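Participant: Residue numbers (our numbering), protein chains in the order written: chain A, 1 to 256; chain B, 257 to 512.
Beta carbons are placed, not taken as given, at the ideal position from N, Cα and C, and that holds for glycine.
Since this is a predicted model, take the numbers as computed values, not measurements.
Provided herewith is a single structure, encoded as structure tokens, for subsequent inquiry.
There are 2 protein chains.
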Amino acid sequence: MKKRPLILVTNDDGITAPGMRALIDVMKQIGEVVVVAPDSPQSGMGHAITVNNTLFLEKVTIDPTLDQEYSCSGTPVDCVKIAIDQILKKKPDICVSGINHGLNSSTNVIYSGTMSAALEAGMSGVVAIGFSLNDFSWNANFEEIKTFVKQITEETLKQGLPEGVILNVNFPKLKKNEIKGIKICRQANATWVEKFDQRTNPHGKKYYWLTGTFVNHDKGEDTDEWALANGYISIVPVQYDLTAYHAMQQLNNWDL
Amino acid sequence: MKKRPLILVTNDDGITAPGMRALIDVMKQIGEVVVVAPDSPQSGMGHAITVNNTLFLEKVTIDPTLDQEYSCSGTPVDCVKIAIDQILKKKPDICVSGINHGLNSSTNVIYSGTMSAALEAGMSGVVAIGFSLNDFSWNANFEEIKTFVKQITEETLKQGLPEGVILNVNFPKLKKNEIKGIKICRQANATWVEKFDQRTNPHGKKYYWLTGTFVNHDKGEDTDEWALANGYISIVPVQYDLTAYHAMQQLNNWDL
């Protein structure tokens with residue numbers, strides 16, 4: 001009998017988030033699951049790491065069918081690093097992050113703790129996938145997408161991924177039978193236009209909340225935004241080589 | 257007479273950091289300077305944004321020759337967002353970030369608050385450069401590189417940058433006359449190998465410090481790591497489209 005894969009599960013919504021609990025349910029059908037996740041919500045943490053502070057790690061039992069669940073005081077990227085170095089003491093066969101409550105399509109990949117955890121695993125040479133659902137609610141319905149999460153994870157384990165590539169998988173908020181299929185996409189050119197909400201605290205001091213509108217500047221029908229808006233699951237292969245190769249020739253002609 | 261450019265200056269080492277003070281000195285020779293920087297060190301914050309907490313902004317006077325200096329309670333990316341939306345009320349002609357105390361070459365671009373601030377400006381359509389020096393010391397000598405910072409900024413303002421591209425500039429720790437020149441490079445394939453330092457606090461509880469070794473897996477002589485190791489200033493053009501286009505064809509043949 002073939003050995004069951006070792007699966008590291010993490011997220012950025014915190015260790016009790018229903019999205020990760022749904023992901024764990026699926027992963028238990030596929031392999032041996034180890035959970036290392038933030039002890040509190042870490043949305044928008046991007047690829048932050050904890051360099052100026054200490055990290056705490058607690059063994060916890062939220063799912064009694066699991067032997068190894070840990071809550072960590074750090075960021076999602078910290079969770080992946082400490083899982084590999086201190087808990088597993090080796091690389092897992094795959095790292096899955098999410099399921100995020102809210103999309104991480106387009107340029108959100110850069111702000112996302114969920115995706116940064118997957119990217120960190122990829123940088124350590126681990127096959128990795130980040131999953132996100134287009135529903136910010138804590139009570140979002142993850143049941144409808146579980147079969148797709150299983151299918152994508154099993155196919156990824158079977159096929160492997162090119163070196164330096166991980167997957168950014170986003171799900172529309174639809175019933176299972178309404179989802180039209182899965183599309184391999186490029187990251188849409190969409191960005192946030194900020195609008196800070198300025199208020200005054202009870203002591204007379206001004207403060208701000210970050211808000212914004214997400215604007216899609218990209219009319220392409222090969223993007224993740226297009227796929228999601230049209231009822232498809234989007235998969236974007238993501239890399240961590242940020243070099244803009246197309247700009248190098250131009251820069252070489254500068255007077256430097 | 258041509259109008260002097262509006263220059264937004266930020267960093268991740270905090271508003272009092274000598275590296276940013278050196279950058280301000282250079283920028284005052286080029287244009288009108290507005291400073292919006294974190295009120296405390298934010299190294300390793302990556303592209304984190306503050307979504308679950310409030311932000312405070314204080315007008316401060318550290319350099320009496322400047323009209324507009326602000327310290328912000330948020331991350332470097334927050335600083336860029338709030339600068340454009342609340343302080344400038346328009347886009348600056350250029351955003352410069354740094355000079356970071358320590359390199360942001362290779363994959364460090366992903367963890368770096370300095371570079372994420374520049375990337376955020378780029379995502380808002382602003383020409384942007386991140387500068388970093390290979391010296392972690394608070395008392396690092398930035399005098400030796402000031403003429404290069406000026407030259408690179410002026411040439412960037414003159415030439416502009418392709419849409420979606422910003423510059424990651426790293427300096428070796430050398431005297432001005434020892435620096436061999438400037439090289440346009442690709443991001444080296446180098447990663448951190450973590451080693452957590454486990455300790456016990458006075459109350460008997462275990463905690464960890466994140467430490468690690470930076471390992472260069474890349475023998476290419478066209479990388480930023482090679483340039484820096486050989487006495488050159490490295491410039492990597494950086495983009496925020498993370499799509500791994502080379503992997504899309506393969507993924508399209510998966511059984512999904």
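Would you mind listing the beta strand (DSSP E) stretches within the segment 42 to 68 of chain A that are 3+ residues and don't spill past its ends, in chain order?
Facilitator: 57 to 59
Participant: Please identify, using Cβ separations under 7 angstroms, the residues of the segment 60 to 74 of chain A that lie next to chain B, in order along the chain.
Facilitator: Taking a C-beta cut-off of 7 angstroms against chain B, none of the residues of the segment 60 to 74 of chain A qualify.
Participant: Under 8 angstroms, CB to CB, which of the residues in the segment 228 to 252 of chain A have a partner in chain B?
Facilitator: I235, V236, P237, V238, Q239, Y240, D241, L242, T243, A244, Y245, H246, A247, M248, Q250, L251, N252
Participant: Does at least one heavy atom of the ligand HEM sit under 8 angstroms from the Cβ of L167 of chain A?
Facilitator: The model on display carries no ligand, and the ligand HEM is accordingly not part of it.
Participant: Between S124 of chain A and chain B, is any beta-carbon pair separated by less than 9 angstroms?
Facilitator: yes
Participant: Does any residue of chain A have a CB that is nearer than 9 angstroms to the CB of Q407 of chain B?
Facilitator: It does; some Cβ of chain A falls within 9 angstroms.
Participant: Could you name the residues of the same chain whose beta carbon sits closer than 8 angstroms to that of I286 of chain B, not counting the 5 residues immediately before and after it, in chain order?
Facilitator: R260, P261, I263, K406, T409, E410, L413
Participant: Does the structure place the segment 303 to 311 of chain B close enough to the segment 381 to 390 of chain B that three or more beta carbon pairs sit under 8 angstroms?
Facilitator: No, the segment 381 to 390 of chain B does not touch the segment 303 to 311 of chain B.
Participant: Roughly how many angstroms lie between the CA atoms of N424 of chain B and R277 of chain B, to the nearest whole one?
Facilitator: 19 angstroms
Participant: Along the chain, where does the alpha helix (DSSP H) that runs through D480 of chain B open and close?
Facilitator: 480 to 485
Participant: So, does the CB of N360 of chain B fall closer than 9 angstroms to a CB anywhere in chain A?
Facilitator: no
Participant: Using a Cβ cut-off of 7 angstroms, pull out every chain A residue sitting near Q415 of chain B, in sequence order please.
Facilitator: W254
Participant: Please identify the residue among A:L66, A:G113, A:V96, A:K2 whose C-alpha is closest to the C-alpha of S40 of chain A.
Facilitator: Each of A:L66, A:G113, A:V96, A:K2 was checked against the Cα of S40 of chain A, and the nearest Cα belongs to A:G113.
Participant: Below 7 angstroms on C-beta distance, what does H47 of chain A contact in chain B?
Facilitator: Going along chain B in sequence order, the residues near H47 of chain A (Cβ under 7 angstroms) are G302, H303, I366, Y367.
Participant: Listing by chain order, which chain A residues have their CB less than 8 angstroms from the CB of N308 of chain B?
Facilitator: P41, S43, G44
Participant: What is the DSSP secondary structure of L210 of chain A, reduced to helix, strand or coil?
Facilitator: strand
Participant: Is any beta-carbon of chain A found at less than 9 angstroms from that of D341 of chain B?
Facilitator: Closer than 9 angstroms to some Cβ of chain A, the Cβ of D341 of chain B qualifies, so yes.
Participant: Could you tell me the alpha carbon to alpha carbon distance between N445 of chain B and T321 of chain B, rounded to whole angstroms?
Facilitator: 42 angstroms
Participant: Span of the alpha helix (DSSP H) holding E411 of chain B?
Facilitator: 402 to 415
Participant: State whether the segment 340 to 348 of chain B contacts the segment 233 to 242 of chain A, with contact taken as three or more CB pairs (one from each stretch) at a distance under 8 angstroms.
Facilitator: no
Participant: Quick one: list the residues of chain A neighbouring T363 of chain B, beta-carbon separation under 7 angstroms, in chain order.
Facilitator: M123, Y240
Participant: Check for me: the beta strand (DSSP E) holding L167 of chain A runs from which residue to which?
Facilitator: Residue range 165 to 171 is occupied by the beta strand (DSSP E) that includes L167 of chain A.
Participant: Name the one or two DSSP bridge partners that N100 of chain A has.
Facilitator: Answer is A:S132.
Participant: The alpha helix (DSSP H) with R277 of chain B in it runs from where to where?
Facilitator: 274 to 284
Participant: Taking I440 of chain B as the query, report the chain A residues whose CB atoms sit under 7 angstroms from its CB, ordered along the chain.
Facilitator: Near I440 of chain B (Cβ distances below 7 angstroms), the residues of chain A are M248, L251, N252.
Participant: Which whole-angstrom value describes the C-beta separation of C95 of chain A and T10 of chain A, a residue pair presumed to lie in contact below a C-beta threshold of 8 angstroms?
Facilitator: 7 angstroms
Participant: By the 10 Å Cβ neighbour count, where 16 or more other Cβ atoms means buried, how is R186 of chain A classified, buried or exposed?
Facilitator: R186 of chain A is buried by the Cβ-count criterion.
Participant: Starting from V34 of chain A and walking both ways along the alpha helix (DSSP H), at which residues does that stretch end?
Facilitator: No alpha helix (DSSP H) holds V34 of chain A; the beta strand (DSSP E) holding it covers 32 to 38.
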